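If you count the sequence shown from 1, position 33 lands on 33 in full-length UniProt numbering, and the numbers rise without skipping.
No residue lacks a Cβ here, since even glycine has one placed at the ideal position from N, Cα and C.
Since the structure is predicted, the reported quantities are computational estimates derived from the model, not experimental observations.
Structure record follows, encoded as structure tokens.
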Amino acid sequence: MALISIAVLALIVMIITCLPVTQRYFYKYLGKIGYWSLLIIFIIYLLIDIWLWLRRPYKTADFWLTFISINIAGMVAIAKTYFDIKKLK
1 MALISIAVLA
11 LIVMIITCLP
21 VTQRYFYKYL
31 GKIGYWSLLI
41 IFIIYLLIDI
51 WLWLRRPYKT
61 ADFWLTFISI
71 NIAGMVAIAK
81 TYFDIKKLK
């Protein structure tokens, strides 16, 4: 049940980051740190994956559902940040 909660939370965070209200505040910091933000996002999602891999048995369906949804959320966050950086520059 906790794994499904983490997956839902990752998807909610992905949706919230796409809202215009949060994007306005994000652009302010994105201009300052630039491409380093991609590395920061990648490291955060990598640490979540490592934690999940070490804490849960990977033979269950809940693990793979959570693992895939977290990685999809990470890929969307990285792609969206990359295109936002290109739009700013």
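query, result
"Whole-angstrom distance between ALA61 and SER69, CA atom to CA atom", "12 Å"
"Residues near GLY31 in its chain [Cβ-Cβ closer than 8 Å; skip 5 each side]", "LEU88"
"Spatial distance of ILE33 from PRO57 (CA atoms)", "37 Å"
"Boundaries (first-last residue) of the alpha helix (DSSP H) holding LYS87", "61 to 88"
"C-alpha gap between ILE44 and LYS59, whole angstroms", "24 Å"
"Coil, strand or helix - TYR58 by DSSP", "coil"
"Same chain only: Cβ atoms within 6 Å of ILE6, ignoring 5 sequence neighbours per side", "THR66"
"Minimum C-alpha distance to MET75 - residue among TYR27, ILE40, LYS28 and TYR29", "ILE40"
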